[in-house]
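One structure is given here, and the rest of the page talks about it.
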Amino acid sequence: MGRQEKLLSKLIAARKVFPWPDLVTLPSQLGYEKKEMEGSRVRFYHPGRDALLLLHKPHPDNELTGGALKSARAHPKEEGWL
1290 MGRQEKLLSK LIAARKVFPW PDLVTLPSQL GYEKKEMEGS RVRFYHPGRD ALLLLHKPHP
1350 DNELTGGALK SARAHPKEEG WL
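Residue numbers (this note's numbering): 1290 to 1371.
Spelled out as structure tokens, the structure:
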């Protein structure tokens, strides 16, 4: 099992928190481009699939929680990565 599969499994298994650095790594491994936007918004775009994941960088902690985690967990399923 490669790093990409381990991160996908870790993301799907996450119930309350997921480290932001791991989330940034995963889309880049899947071919997404990261673009910092105004404020804490971050856009991950996959040009070949025309897929978009828009999140807010967590602060003050460096972990996704709540609705952002739910969106991050749903996106790989919707795009067929799982």
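Where a beta carbon is used, it is the ideal one built from N, C-alpha and C, also for glycine.
Keep in mind the model is a prediction, meaning the values are calculated, not measured.
Would you kindly report the start and end of the unbroken beta strand (DSSP E) that includes residue i?
{"i": "E1367", "result": "Unbroken run through E1367 is the alpha helix (DSSP H), 1355 to 1367; no beta strand (DSSP E)."}
{"i": "E1325", "result": "1322 to 1325"}
{"i": "H1345", "result": "1340 to 1345"}
{"i": "H1335", "result": "1330 to 1335"}
Since residue i is in the alpha helix (DSSP H), which residue starts that stretch and which ends it?
{"i": "V1375", "result": "Because residue 1375 is not part of the residues shown, which for the chain are 1290 to 1371, the question remains open."}
Where does residue i land, buried or exposed, given buried means 16+ other C-beta within 10 angstroms?
{"i": "L1371", "result": "exposed"}
{"i": "L1312", "result": "buried"}
{"i": "P1316", "result": "buried"}
{"i": "H1364", "result": "buried"}
{"i": "L1416", "result": "For the chain, the structure presents residues 1290 to 1371; residue 1416 sits outside this window and is missing."}
If contacts are defined as beta-carbon pairs under 8 Å, then residue i and residue j qualify, I think. What distance do you get, rounded to the angstrom?
{"i": "F1333", "j": "Y1321", "result": "4 Å"}
{"i": "A1361", "j": "L1344", "result": "7 Å"}
{"i": "W1309", "j": "K1346", "result": "7 Å"}
{"i": "T1354", "j": "K1305", "result": "6 Å"}
{"i": "L1358", "j": "A1303", "result": "6 Å"}
{"i": "A1338", "j": "E1368", "result": "The question names Ala, yet the displayed sequence has Arg at residue 1338. Correct: roughly 6 Å between the Cβ atoms."}
With a threshold of 7 Å (Cβ to nearest heavy atom), would residue i be considered close to the ligand MN?
{"i": "A1361", "result": "This structure lacks the ligand MN, and indeed carries no ligand of any kind."}
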